[in-house]
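First comes the structure, then the notes that go with it.
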Amino acid sequence: FLAEGPAATDPYLEINCSPNGHWNAYSFSSYRTGMTPADKISVVLKERSGETNRVRFHIEIKGYEASKAAYLGLTAVIEFTNGEKSYWALRHPDTTPNFHDKKGWDSVTTR
Numbered sequence: 343f344l345a346e347g348p349a350a351t352d353p354y355l356e357i358n359c360s361p362n363g364h365w366n367a368y369s370f371s372s373y374r375t376g377m378t379p380a381d382k383i384s385v386v387l388k389e390r391s392g393e394t395n396r397v398r399f400h401i402e403i404k405g406y407e408a409s410k411a412a413y414l415g416l417t418a419v420i421e422f423t424n425g426e427k428s429y430w431a432l433r434h435p436d437t438t439p440n441f442h443d444k445k446g447w448d449s450v451t452t453r
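Residue numbers (the working numbering): 343 to 453.
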């Protein structure tokens, strides 16, 4: 998740990546509102390596000006072989995982 501003009314971008190399990106006009495919965004997954208990990604996002991103939400959904899912984030601001809640994101600086 990437956003210019911290308010729930500020637009943001959601990018999803999978270990199999598939990805998608969506733009939101505000908190969970106005979801549209982010057609100008493309994602390149580089240097992927999968091991028994670990997967690494180098993610290159094209079509998004990195200097715009002031807030970042890093998240993961892990599905186990038994179908159980585990939800990970920098922090969960509530008792239920909600990756769209910017209270769980961090401010970032770019170079």
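Heads up, the beta-carbon is just placed ideally off N, CA and C, and yes, glycines get one too. Quick caveat, the model's predicted, so the values are computed rather than measured.
Query: Contact between the region 426-435 and the region 398-405 (3+ Cβ pairs under 8 Å); Result: no
Query: Glu356 and Ala367 closer than 8 Å at C-beta; Result: yes
Query: Secondary structure of Ala408, DSSP reduced to three states; Result: helix
Query: Leu355, enclosing beta strand (DSSP E) - first and last residue; Result: Tyr354 to Cys359
Query: Exposure label - Lys444; buried when at least 16 CB within 10 Å; Result: buried
Query: Distance CB(Leu416)-CB(Leu344) smaller than 8 Å; Result: no
Query: For Lys382, three-class secondary structure by DSSP; Result: coil
Query: Buried versus exposed, by CB contacts within 10 Å (16 or more), Ala330; Result: The question about residue 330 has no answer here: the residues shown for the chain are numbered 343 through 453.
Query: Val397 vs Trp365 beta-carbon contact at 8 Å; Result: no
Query: Candidates Tyr373, Pro361 and Gly363, of which the one nearest Asp352 by Cα; Result: Tyr373
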